[in-house]
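Trainee:
Number of protein chains: 2
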Amino acid sequence: MQALDVIAKKRDGGELSKEEIEFFVQRYTDDRIPDYQAAAWLMALFLEGMTDRETRDLTMAMAHSGDMLDLSDLVRSTESGRKLLVVDKHSTGGVGDKVSLVLAPLIAACGVPVAKMTGRGLGFTGGTVDKLESIPGYRTDLGVDAFKAQVEQIGVVLTGQTADLAPADQKLYALRDVTATVESIPLIVSSIMSKKLAAGADAIVLDVKIGKGAFMKTMEDAEALAHGLVRLGKQADRKVVALISDMNQPLGRAVGNALEVREAIDTLRGGGPQDFRDHVLTVAAEILRLSGRVAERDAALTLALDTLSSGAAWQKFRDLVEAQGGDVSAVDNPDELPQASMVKPIEAPRSGYVRSIEAAEIGLAVVGLGGGREEKGQPIDHSVGVVVHHKVGDLIQKGTPLFTIHANDEKKLEEARDRVLAAHRFSDQPVQPLPLFYQRITE
Amino acid sequence: MQALDVIAKKRDGGELSKEEIEFFVQRYTDDRIPDYQAAAWLMALFLEGMTDRETRDLTMAMAHSGDMLDLSDLVRSTESGRKLLVVDKHSTGGVGDKVSLVLAPLIAACGVPVAKMTGRGLGFTGGTVDKLESIPGYRTDLGVDAFKAQVEQIGVVLTGQTADLAPADQKLYALRDVTATVESIPLIVSSIMSKKLAAGADAIVLDVKIGKGAFMKTMEDAEALAHGLVRLGKQADRKVVALISDMNQPLGRAVGNALEVREAIDTLRGGGPQDFRDHVLTVAAEILRLSGRVAERDAALTLALDTLSSGAAWQKFRDLVEAQGGDVSAVDNPDELPQASMVKPIEAPRSGYVRSIEAAEIGLAVVGLGGGREEKGQPIDHSVGVVVHHKVGDLIQKGTPLFTIHANDEKKLEEARDRVLAAHRFSDQPVQPLPLFYQRITE
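Protein chains in written order, with my numbering: chain P, 1103 to 1545; chain U, 1103 to 1545.
(1) Is the stretch 1272-1281 of chain U touching the stretch 1246-1256 of chain U in the sense that three or more CB pairs, one from each, lie closer than 8 Å?
(2) Contact criterion: CB-CB distance below 7 Å. Does residue 1135 of chain U meet it with respect to chain P?
(3) Identify the residues that DSSP records as bridge partners of residue 1190 of chain U: which are they?
(4) Excluding five sequence neighbours on each side, which residues of the same chain lie with their C-beta closer than 8 Å to the C-beta of residue 1397 of chain U?
(5) Between residue 1070 of chain U and chain P, is the shortest Cβ-Cβ distance under 7 Å, so that the two count as touching?
(6) Consult DSSP for residue 1262 of chain P and reduce its assignment to one of helix, strand or coil.
(7) In three-state terms, what does DSSP make of residue 1357 of chain P?
(8) Using the Cα positions of residue 1487 of chain U and residue 1118 of chain U, report the straight-line distance between them to the nearest angstrom.
(9) Closer than 8 Å is the cut-off here; do at least three beta carbon pairs connect the stretch 1218-1238 of chain P with the stretch 1403-1411 of chain P?
(10) So, does the CB of residue 1106 of chain P fall closer than 7 Å to a CB anywhere in chain U?
(11) To the nearest whole angstrom, what separates the beta carbons of residue 1440 of chain P and residue 1412 of chain P, a pair I think is in contact under 8 Å?
(12) Would you say residue 1328 of chain U touches the ligand SAH, meaning its beta carbon is less than 6 Å from a heavy atom?
(13) Is there a Cβ from chain U that is less than 7 Å from the Cβ of residue 1287 of chain P?
(14) Can you tell which of P:1198, P:1527 and P:1151 has its C-alpha closest to the C-alpha of residue 1360 of chain P?
(15) Would you mind telling me which residues of chain U sit closer than 8 Å to residue 1139 of chain P, beta carbon to beta carbon, in chain order?
(16) Who are the neighbours of residue 1110 of chain P on chain U, taking C-beta pairs under 8 Å?
(17) Take the Cβ of residue 1325 of chain U as the centre, count every other Cβ of all protein chains shown within 10 Å, and call the residue buried at 16 or more, exposed below.
(18) Would residue 1072 of chain P count as contacting chain U if we go by Cβ distances under 7 Å?
(19) Determine which residues of the stretch 1335-1361 of chain P have a Cβ less than 9 Å from any Cβ of chain U, and write them out in chain order.
(20) With residue 1215 of chain U and residue 1178 of chain U assumed to form a contact (beta carbons below 8 Å), what rounded beta-carbon distance in angstroms separates them?
(21) Taking the Cβ atom as the reference point for each residue, do residue 1544 of chain U and residue 1343 of chain U lie within a distance shorter than 7 Å?
(22) Between the Cα of residue 1222 of chain U and the Cα atoms of U:1321, U:1196 and U:1173, which residue gives the shortest distance?
(23) Check the Cβ-Cβ distances between residue 1113 of chain P and every residue of chain U, and say whether any is below 7 Å.
(24) Between U:1188, U:1123, U:1385 and U:1186, which has its C-alpha nearest residue 1162 of chain U's C-alpha?
(25) Out of curiosity, what's the CA-to-CA distance linking residue 1524 of chain U and residue 1518 of chain U?
(26) Look at residue 1310 of chain U and residue 1328 of chain U and say whether their C-beta atoms are less than 7 Å apart.
(27) Determine the extent of the beta strand (DSSP E) in which residue 1347 of chain P is found, giving its start and end residues.
(28) Give me the chain U residues within the contact set of residue 1277 of chain P, using Cβ-Cβ distance strictly less than 8 Å, ordered along the chain.
(29) Quick check: what's the CA-CA separation for residue 1451 of chain P versus residue 1501 of chain P?
(30) Between residue 1383 of chain U and residue 1448 of chain U, which are expected to be in contact by the criterion C-beta below 8 Å, what is the C-beta distance as a whole number of angstroms?
(31) Which whole runs of the alpha helix (DSSP H) in the stretch 1209-1235 of chain P are 4 residues long or more, in chain order?
(32) Go through the stretch 1457-1526 of chain P residue by residue and report every complete run of the beta strand (DSSP E) that reaches 3 residues or more, in order.
(33) Please state whether the Cβ-Cβ distance between residue 1482 of chain P and residue 1473 of chain P is less than 7 Å.
(34) According to DSSP, is residue 1541 of chain P part of a helix, a strand, or is it coil?
(35) Output the boundary residues of the alpha helix (DSSP H) element that contains residue 1135 of chain U.
(36) Under a three-way DSSP split, which group does residue 1285 of chain P fall into?
So this is what it looks like as structure tokens:
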């Protein structure tokens, strides 16, 4: 078999066999197929598409390109003898998406083991690893053994993806990023699911974001992605649900690493923005049902709500921070988290209803402040960010605070101010608030 | 402008602007765009296609990526004061295609200056540079100054392409070769024409081969390529004609470098195979008219025929060999050309009409003997090859010589014999001979 023949077959619209896909993925991972051949192959896959069978084979080939974690010995039983599956959750990424910070300890506090590897931010979207690293000392580079041991010990782990997990996806994703081959549903499905399958959880909830601050801009694309993810998970014998959620405006109020950690802490302690809190509880209820912990949606929501209100989730978060080497006093007293030297509230330039808050623009404003990265590997400033004080539909009065900029540089502060101001649009007529979720996809 | 945006625009079916195409070509030539981005771009161009305008801009950008030869001071005038344009000819490549070896001196002997750069063989197709290098001492690496000086001096030059000519095409072609992006009509058109435009001739005859031994397998593709080449040449103010000629069986009888030089010498001296001689005279007549030397086709054919019969073309060939440092005694006495140690005639296995002779298989048999290359840069053995003794339609008798293998290795000889035998198919019923030409395309 030759790489050239596999490229030509897909170029001509052919369906690649399992062997051809495995050949290409293995050879590329082993540096025996050069980047330029993989780039031509990816563009052919992008433009000619992939069947469900090809997508599955690509996913499996990438999942098996490195370690496949076996978490079966972490599956627990309830008092009634029911199995509690190990759960994982994936978000396709957005602005202000700090869900995992609250969700993981909340679920673990409900007795369901959570084993989650997570990523860094790129472009306008933030990454959970970056947010966690706002907490002094928090380790995001756990190895496979420590990963498993911590789930065993405290029922929850939240760390960066190890290099041994789906290395083929890591290499192909980096190449897609620089060859304009990112926005392909089958390639996105296989990238997400190869990592999730390798990470070993039995039950996976997928949070597919749609809107101006998400990769999927249309409902059609979001549905195609959600269905693709769910089908693939089921074919791999996982329990899977996908939720399609809104990402037209930031989720919650804080955008920026330490600011988001602080908002997550507020939420774990019983406060936090309403939309963020409701979003977390909705996802939590799905996970609790999927894992086998609770059968009915009402009971699942009640359990999640009680666990949040009782402080059990907050206590589990403290355990998590401590287990991964983080400074617990910094989360107990969030003023010890990194803080920007300039904190400037910006007033609303007019009265009216908030018509839209362009999420991607807020994300890019934070990148401009130094809180995100334009290219992989760039260092980031955890202290900076933007806190929006309103949501779409709110009626506001001219001169009241519209948002607050946290910056360490006067010029960057001004640029961010202009950008975030321009990202807010107003209307004289009442505006409907945006929904949190659009659809629940189970097949 | 960013390479990524240009890739994405073509990926999404957009029409690239002249500036975008020039940006990509210049940056890639300067090593400021990496191979993997160019590979993704080429696959997007291949699959999404290019408009005539894009093809022209790509051609011009590649032509202008290096030296643009100005041959205007070589344009001569006839006694009647008419201009004689400098001519060039390009064949899309085939098996046994030694046309340039006879055509160039023939045209020059008719008084029309011939300035031709030519290439090496790859895969089943031979290359004129390799054939010329069968002649001891013949230099194929003339610089631009020597190239022009020789046309001035003896009216003809036949050498390899200089590195300074269309370097963008050289780099992109090498990448297409390893990324399955060769067989795209707009990319082939721009590759051929960028070199031809940079080489400076005013009148260009394009010999587009069609058949099992050519890159174009269908008449539809050959026509599309021929029309594309002619349109582009005219847009660049060149006089252009394309001929679509047969390449289902080898042209002439000899396939292999020194063997083809010998057949060319036979033809220049008044002998040679009928099909090859007729092919050369037909192309010559086109060139004589295109250059302004003769207005009518009949007169052009008569002039070409007379110049071949009189020995003037042969004399010009000797001048050419001498001017480029070749050993004239070796062409005067072709037994001094490289000769294989084993020369083995193979008998026809049955009686019947020759139904087909798979040209690509003959070409690959010669590669197997060491007379061609599978990868760029491989050294080749000029002495080996195959001489077929019959053409499609011939009635042959079992036991008479069907072809002769020239080899330097017993095992390779046997492999070539089996391959060439299998490439000959027979019929009990009379078979129509193949035509030499199918179409003449002028717009």
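For each residue, glycine too, the CB sits at the ideal point set by N, CA and C.
Mentor: Taking the coordinates as given:
(1) Remark: fewer than three beta-carbon pairs, one from each stretch, lie closer than 8 Å, so the stretch 1246-1256 of chain U and the stretch 1272-1281 of chain U are not flagged as touching.
(2) For residue 1135 of chain U, not one C-beta of chain P is nearer than 7 Å to its own C-beta.
(3) Beta-bridge pairing by DSSP links residue 1190 of chain U to U:1306.
(4) Exclusion of the five residues before and after residue 1397 of chain U leaves 1391 as the residues of its chain whose Cβ lies within less than 8 Å of its Cβ.
(5) A query on residue 1070 of chain U cannot be resolved here, the shown segment of chain U reaching from 1103 to 1545 and no further.
(6) Strand.
(7) Residue 1357 of chain P falls in the strand class under three-state DSSP.
(8) As the crow flies, the alpha-carbon of residue 1487 of chain U is around 46 Å from that of residue 1118 of chain U.
(9) Below 8 Å, too few C-beta pairs join the stretch 1218-1238 of chain P and the stretch 1403-1411 of chain P to call them touching: fewer than three.
(10) Residue contact check for residue 1106 of chain P against chain U: a CB pair falls below 7 Å.
(11) Their Cβ separation, rounded to whole angstroms, is 30 Å, which puts residue 1440 of chain P and residue 1412 of chain P out of contact at 8 Å.
(12) No copy of the ligand SAH occurs in the structure displayed, which carries no ligand at all.
(13) The Cβ of residue 1287 of chain P sits no closer than 7 Å to any Cβ of chain U.
(14) When each option's Cα is compared against that of residue 1360 of chain P, the closest is P:1198.
(15) Here the neighbours are 1141, 1280 and 1281.
(16) For residue 1110 of chain P, the neighbours in chain U by C-beta distance under 8 Å run, in chain order, 1282.
(17) So residue 1325 of chain U ends up on the buried side.
(18) Given that chain P is displayed from residue 1103 to residue 1545, the structure contains no residue 1072 of chain P and the question cannot be resolved.
(19) Residues passing the 9 Å Cβ filter: none.
(20) Residue 1178 of chain U and residue 1215 of chain U do touch by the CB rule: their CB atoms are close to 6 Å apart, below 8 Å.
(21) In this structure, residue 1544 of chain U lies near residue 1343 of chain U, with their beta-carbon atoms less than 7 Å apart.
(22) Comparing Cα positions, the closest option is U:1196.
(23) Yes, because at least one Cβ of chain U sits closer than 7 Å to the Cβ of residue 1113 of chain P.
(24) Here the closest residue by C-alpha is U:1123.
(25) About 10 Å.
(26) The criterion of a C-beta distance shorter than 7 Å is satisfied by residue 1310 of chain U and residue 1328 of chain U.
(27) Residues 1341-1348.
(28) Near residue 1277 of chain P (Cβ distances below 8 Å), the residues of chain U are 1138.
(29) Going from the Cα of residue 1451 of chain P to the Cα of residue 1501 of chain P covers about 6 Å.
(30) Rounded, the Cβ-Cβ distance is 31 Å, inconsistent with contact.
(31) Correct list: 1230-1234.
(32) Along the stretch 1457-1526 of chain P, the beta strand (DSSP E) occurs as fully enclosed runs of 3 or more residues at 1487-1490 and 1503-1509, listed in sequence order.
(33) Going by C-beta atoms, residue 1482 of chain P is nearer than 7 Å to residue 1473 of chain P.
(34) In the three-state reduction of the DSSP assignment, residue 1541 of chain P falls in the strand class, which pools E and B.
(35) Per DSSP, residue 1135 of chain U is not a residue of any alpha helix (DSSP H), being assigned neither H nor E.
(36) Under the three-state reduction of DSSP, residue 1285 of chain P is assigned to coil, being neither helix nor strand.
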